Amino acid sequence: MSVPNPRSFAFEVADGVATVTLDRPQRLNSLTFEVYRELAETFEALSDCKQVRAVVITGRGKGFCSGGDQDDIIAELFSRDMDGLLAFTRSTGRLIQAIRQVRLPVVAAINGVAVGAGAVIAAACDLRIAARRARFGYIFPRVGLCGADMGAAYLLPRIVGLGNASELLFMGEIIDVDHAYRIGLVNRVVDDGDAAVALAREWAVKLAHGPRFAHAMTKNMLEAEATMGLSEAIEAEAQAQAICMQHPNFRRAHDAFKAKKTPEFS
Numbered sequence: 055m056s057v058p059n060p061r062s063f064a065f066e067v068a069d070g071v072a073t074v075t076l077d078r079p080q081r082l083n084s085l086t087f088e089v090y091r092e093l094a095e096t097f098e099a100l101s102d103c104k105q106v107r108a109v110v111i112t113g114r115g116k117g118f119c120s121g122g123d124q125d126d127i128i129a130e131l132f133s134r135d136m137d138g139l140l141a142f143t144r145s146t147g148r149l150i151q152a153i154r155q156v157r158l159p160v161v162a163a164i165n166g167v168a169v170g171a172g173a174v175i176a177a178a179c180d181l182r183i184a185a186r187r188a189r190f191g192y193i194f195p196r197v198g199l200c201g202a203d204m205g206a207a208y209l210l211p212r213i214v215g216l217g218n219a220s221e222l223l224f225m226g227e228i229i230d231v232d233h234a235y236r237i238g239l240v241n242r243v244v245d246d247g248d249a250a251v252a253l254a255r256e257w258a259v260k261l262a263h264g265p266r267f268a269h270a271m272t273k274n275m276l277e278a279e280a281t282m283g284l285s286e287a288i289e290a291e292a293q294a295q296a297i298c299m300q301h302p303n304f305r306r307a308h309d310a311f312k313a314k315k316t317p318e319f320s
């Protein structure tokens with residue numbers, strides 16, 4: 055499949071890494087109906103793009119993503135009936151599902167504020183690197199909405215634990231990067247400027263040069279095992295690993311080890 059060509063955000067592929075850059079810096083990269091749709095379509099297409107082996111998502115300027123745009127989305131929602139509102143909330147959930155189901159590791163470079171939908175997008179990624187100035191807020195209660203939005207109540211307890219997730223989703227407070235790191239919401243904290251994107255790309259390139267098939271299996275198992283008991287999970291992993299052992303990359307890694315070389319995965 056060809057590489058996607060979205061219009062509402064920047065997209066480029068280099069070294070096996072697709073970089074998605076939200077590109078409305080004057081609005082702290084707030085989301086419009088078009089951005090939601092194109093982001094979902096892009097992530098849905100990436101699994102079949104052989105040129106892409108890992109993904110970075112970030113935002114241009116001082117913000118990662120400030121959530122739904124107040125003018126483009128929020129104002130329009132007041133005119134919708136229940137069917138129209140449900141169509142919108144399902145479309146936002148489609149994006150999160152696409153990020154979780156893409157068969158590639160996704161690294162978020164959180165260069166600034168990530169609130170509302172932006173905070174959920176960050177949580178949906180596999181790895182999160184945050185700049186010092188980054189802020190996080192699941193601010194839905196502040197606007198009279200349920201804290202469980204776009205899959206937040208599914209994702210957060212698995213990342214930060216039920217207690218911390220409950221605090222974030224009930225209180226709706228904005229937390230700084232030190233708080234986020236302390237509860238495990240982010241993997242690394244780096245300096246402001248380009249450091250978050252630089253480290254995210256470094257990680258993504260390393261992942262891109264790794265075993266694509268095995269990484270896809272790892273992501274699939276992390277998702278699938280959330281609803282399994284221990285014995286079921288152990289059996290599922292036994293089958294997954296046996297499948298990976300049949301893949302040519304397993305032999306390539308062994309041969310490279312014996313030859314004292316770096317493996318070149320297909």
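According to this note's numbering, the residues represented by the sequence shown are 55 to 320, in order.
Yeah, the Cβ is synthetic: ideal placement off N, Cα and C, and Gly gets one too.
In this text, all values refer to a predicted model and were calculated from it rather than measured experimentally.
**Prompt:** Which whole runs of the beta strand (DSSP E) in the segment 135-187 are 3 residues long or more, in chain order?
**Reply:** 160-164, 167-169 and 181-185
**Message:** Would valine 240 and asparagine 165 qualify as a contact pair, given that the criterion is a beta-carbon distance under 9 Å?
**Reply:** On the sequence shown, residue 240 is found 186 positions in, with the first residue counted as 1. On the sequence shown, residue 165 is found 111 positions in, with the first residue counted as 1. The Cβ-Cβ distance between valine 240 and asparagine 165 does not fall below 9 Å.
**Own chain partners of glutamate 277 with C-beta closer than 7 Å, once the 5 adjacent residues on each side are dropped** = Residue numbering aside, residue 277 sits at position 223 when the sequence shown is read from its first letter. Counting only Cβ-Cβ distances below 7 Å, and skipping sequence neighbours, we find Arg154.
**Request:** Use the C-beta contact count for isoleucine 288: other C-beta atoms within 10 angstroms, 16 or more gives buried, fewer gives exposed.
**Result:** Numbered from 1 along the sequence shown, position 234 holds the residue referred to as residue 288. Burial call: exposed.
**Asked** cysteine 119: buried (16+ other C-beta within 10 angstroms of its C-beta) or exposed?
**Response** Counted from its first residue, the sequence shown places residue 119 at position 65. Answer is buried; the Cβ neighbour count reaches 16.
**Message:** Can you check which of these residues, Ala307, Arg114, Ser285 and Ala310, is closest to phenylalanine 65 by C-alpha distance?
**Reply:** In the sequence shown, counting from the first residue as 1, residue 65 sits at position 11. Selected option, being the one with the closest Cα: Arg114.
**Message:** Could you give the first and the last residue of the continuous alpha helix (DSSP H) run that contains valine 251?
**Reply:** Looking up residue 251 in the sequence shown gives position 197. 249-262 is the extent of the alpha helix (DSSP H) around valine 251.
**Prompt:** leucine 85 bridges to which residues according to DSSP?
**Reply:** In the sequence shown, residue 85 corresponds to position 31, counting from 1. Beta-bridge pairing links leucine 85 to Gly122.
**Request:** Go ahead and pull the three-state DSSP assignment for valine 57.
**Result:** Your numbering for residue 57 matches position 3 in the sequence shown. If DSSP states are grouped into helix, strand and coil, valine 57 belongs with coil.
**Prompt:** So the alpha helix (DSSP H) glycine 217 belongs to, where does it begin and stop?
**Reply:** Taking the first residue of the sequence shown as 1, we reach residue 217 at position 163. Start and end: 216-225.
**Three-state class that DSSP yields for leucine 76 in the structure shown** = Sequence index remark: in the sequence shown, residue 76 carries index 22 (1-based). Judged by DSSP in its simplified three-state form, leucine 76 adopts strand.
**Message:** Check for me: the beta strand (DSSP E) holding threonine 112 runs from which residue to which?
**Reply:** What you label residue 112 is simply residue 58 of the sequence shown in a count that begins at 1. Where threonine 112 is concerned, the enclosing beta strand (DSSP E) stretches over 108-113.
**Asked** Would the beta-carbon of phenylalanine 194 fall within 9 Å of that of glycine 215?
**Response** Against the sequence shown, residue 194 aligns to sequence position 140. Against the sequence shown, residue 215 aligns to sequence position 161. Going by C-beta atoms, phenylalanine 194 is not nearer than 9 Å to glycine 215.
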